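J.:
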Amino acid sequence: MNTEILLTEMSTRTPMPGSWNLPGGGIDHGEHPRDAVVREVYEETGLRITPGPIIDVSSTHFTGMRHDGLVEDFHGLHVVYEATLLPESMGVTPQVLELDSSTERAEWILLSRARSLKLLAAAAHALASIK
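For what it's worth, numbering that gives the first Met the number 0 labels the leading residue of the sequence shown as 0, then goes sequentially.
(1) How big is the Cα-Cα spacing for Thr59 and Gly75?
(2) For Gly75, list the residues DSSP reports as bridge partners.
(3) Helix, strand or coil, according to DSSP, for Val36 in the structure here?
(4) Looking at Ala122 and Leu21, is the spacing between their C-beta atoms short of 7 Å?
(5) Under 7 Å between the Cβ atoms of Val79 and Ile54?
(6) Count the other C-beta atoms from every protein chain shown that fall within 10 angstroms of the C-beta of Val95, then say buried if there are 16 or more, exposed otherwise.
(7) DSSP has Pro52 in a bridge; who is on the other side?
(8) Which residues share a DSSP beta bridge with Tyr80?
(9) With contact counted as at least three CB pairs below 8 Å, one residue from each stretch, are the region 2-10 and the region 105-117 in contact?
(10) Using CA coordinates, which residue listed in Glu81, Thr11, Met89 and Thr44 is at the minimum distance from Ile142?
(11) Among all the DSSP beta bridges, which residues are the ones paired with Arg104?
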């Protein structure tokens, strides 16, 4: 099977440059998580999606140096949705719209290859749940 998954590469502005992740990010105050994933996927890939069922939930905690030299104590809850690409995004090459962000680039990658990349823990956890 030639299943592809949309991944984003972390930029040098993050503690994990060159690592790969699923598109996503923070929730704005008052924003519904499904609305946040639609917005974040668009900002990081330029693609429009409709979120489906939740396929994975995980938690991450780390303390590390930010790109600006400050120490960050980060705790994240990762909710991973199955998603459907909307017709207007079919055949569109992913591109990062939010410049100077945590995302260097976005790319469709074969699932078999994606599992061998340097993945962030949340992405590795989610990919392990995909058969």
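Backbone N, C-alpha and C fix where the C-beta goes; we use that ideal spot for every residue, glycine too.
Predicted model only: the values in this text are computed from it and were never measured.
T.: Walking through what the data contain:
(1) 5 Å
(2) Its beta-bridge partners are Thr59.
(3) Correct three-state label for Val36: helix.
(4) yes
(5) yes
(6) buried
(7) The partner list for Pro52 (beta bridge, DSSP) is empty, contrary to what the question assumes.
(8) Per DSSP, Ile53.
(9) yes
(10) Nothing about residue 142 can be reported from this structure: the residues present for the chain run from 0 to 130 only.
(11) Glu8
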